[in-house]
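To keep things clear, I will list the structure first and then write my remarks on it.
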Amino acid sequence: MRIVLLGAPGSGKGTQAKLLGERYGIPQISTGDLLREAAAGGGNLGRQAKTAMAAGELVSDEVVLGMIEQRLKKPDTRRGFILDGFPRNIPQAQALDSLLNWLGRPLQVTLYINVSQDTLVKRLTGRITCGACGAIYNEFFSPPRKSGVCDACGKRKLKKRGDDNAATARNRLVVYERDTEPLVDYYKAQQKLRTVSGGGGVKDICERISGLIDADIRPLAAAVDLGGGGGDGAQTIISGGQVVTAETPAAAKKSAPAKKKKQTTAGKPKPAKRKTAAVSRAGKTKAAGKKTSRKKSTTTTRRKK
């Protein structure tokens, strides 16, 4: 299952990517997480990312694609992945397609989470994050049970991001409509776009997306070769949001005990006996002797006459 999640800021892409990854056993690949990890860990790509972020500049597409390529080569992506936060524009989508095709793992589907602008603004301006465990709440839609206290860890470290205000939220949506929304038509032209309503609670949205995956995407991702190629090995079947492993017919045939062939000589012609050189020479000598005796007897008869 090779999926890209599309949606405006506040649509819940990150939350849904995490839930879907847990449900289907495939990793969520967030470009934001990749950049932070690379900057902290060093390496050539990490140094370039750190320099750009320290200067307040955007990290180049080349660096981001290099990080995605490194991430996709890890074993946990063998059954698939969910890309969250990339691509953000058409050139990035084209570069991503080229990378995935080169890796032999082309994108299968793009899930677009569609949410009204009013709802998006409320989600962005009402977002609250726990500074201790990272749990996310929303004062309009999903507030914590006790004001100011995290439900997950019980600590009073809930806070709002500085840029989560109405003016900043609307500006982010304008940038999204200009740069990222054209990707909807881009993937629609490839017949890879699936749209799902992003309204309602987190679990409701997850169920809608899972239902779409099970009913519509499953024909594309029903069988994934886990044996390393060739069609043999185990298959992963996506059924009702559950991952079920089963042997492929080729693997079952391969693992079945081979029947021993009975060896028999019945009906087979016996091999012809080879004449030795001595026998052959003896035959020639005997034949020559017969011819000589015939000549002698003829001569004797003529003399008698």
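If you're matching positions, the sequence shown starts at 1 in my numbering and goes up one per residue.
C-beta: ideal position from N, C-alpha, C; glycine also.
Helix, strand or coil, according to DSSP, for residue i in the structure here?
{"i": "R156", "result": "coil"}
{"i": "L58", "result": "coil"}
{"i": "R170", "result": "helix"}
{"i": "T298", "result": "Here T298 scores only 45 on pLDDT, less than 50, and its place in the model should not be relied on; the value that follows carries that caveat. Of the three classes helix, strand and coil, the one that applies to T298 here is helix, per DSSP."}
{"i": "R178", "result": "helix"}
{"i": "L5", "result": "strand"}
{"i": "G12", "result": "coil"}
{"i": "C206", "result": "helix"}
{"i": "N114", "result": "strand"}
Which term fits residue i, buried or exposed, when burial requires 16 or more other beta carbons within 10 angstroms of its beta carbon?
{"i": "C153", "result": "exposed"}
{"i": "V174", "result": "exposed"}
{"i": "C130", "result": "buried"}
{"i": "A166", "result": "exposed"}
{"i": "G21", "result": "buried"}
{"i": "Q70", "result": "exposed"}
{"i": "L103", "result": "exposed"}
{"i": "Q16", "result": "buried"}
{"i": "L35", "result": "buried"}
{"i": "L58", "result": "exposed"}
{"i": "G42", "result": "exposed"}
What distance in whole Å lies between the Cβ atoms of residue j and residue i, which are believed to be in contact at a cut-off of 8 Å?
{"i": "Q310", "j": "I82", "result": "In the structure as shown, the chain starts at 1 and stops at 305, and residue 310 therefore has no counterpart that could be examined."}
{"i": "L120", "j": "A189", "result": "Actually they do not touch by this definition, with Cβ atoms about 25 Å apart."}
{"i": "L183", "j": "D84", "result": "Contact flag wrong, Cβ pair sits at about 14 Å."}
{"i": "G198", "j": "S30", "result": "The Cβ separation is near 18 Å, so there is no contact."}
{"i": "N44", "j": "T180", "result": "Not confirmed; about 28 Å, so no contact."}
Give me the Cα-Cα distance between residue i and residue j, rounded to the nearest whole angstrom.
{"i": "S147", "j": "G201", "result": "20 Å"}
{"i": "G52", "j": "A215", "result": "First, the residue type needs correcting, since residue 52 is Ala and not Gly in the sequence shown. So the alpha carbons of these two residues sit roughly 43 Å apart."}
{"i": "K18", "j": "Y24", "result": "10 Å"}
{"i": "A234", "j": "P75", "result": "Because the pLDDT at A234 is just 40, under 50, the model does not fix this residue reliably, and the value given afterwards should be weighed accordingly. Those two C-alpha atoms are separated by around 16 Å."}
{"i": "V64", "j": "E37", "result": "12 Å"}
{"i": "I68", "j": "F86", "result": "10 Å"}
{"i": "L107", "j": "E177", "result": "23 Å"}
{"i": "I205", "j": "N138", "result": "16 Å"}
{"i": "S210", "j": "L99", "result": "27 Å"}
{"i": "E62", "j": "G46", "result": "12 Å"}
{"i": "L72", "j": "L96", "result": "12 Å"}
{"i": "K155", "j": "G134", "result": "11 Å"}
{"i": "D163", "j": "Y187", "result": "30 Å"}
Leaving out the 5 sequence neighbours to the left and right, which residues in its chain are closer than 6 Å to residue i when beta-carbon positions are compared?
{"i": "K259", "result": "Interpretation of K259 is limited by its pLDDT of 48, a score under 50 that renders its predicted location unreliable; the figure taken from the coordinates is listed afterwards. For K259, where only same-chain residues beyond five positions count, there are no Cβ hits under 6 Å."}
{"i": "A55", "result": "none"}
{"i": "G80", "result": "M1, R2 and I26"}
So, for residue i: in the same chain, excluding its five sequence neighbours on each side, which residues have a beta-carbon less than 7 Å away from its beta-carbon?
{"i": "K50", "result": "A39"}
{"i": "R208", "result": "V196 and S197"}
Within the same chain, show all residues whose beta-carbon is closer than 8 Å to that of residue i, passing over the 5 residues directly before and after it, in chain order.
{"i": "K157", "result": "C130, G131, A132 and C150"}
{"i": "I128", "result": "I136, Y137, N138, E139, P143, P144, L158, K159 and K160"}
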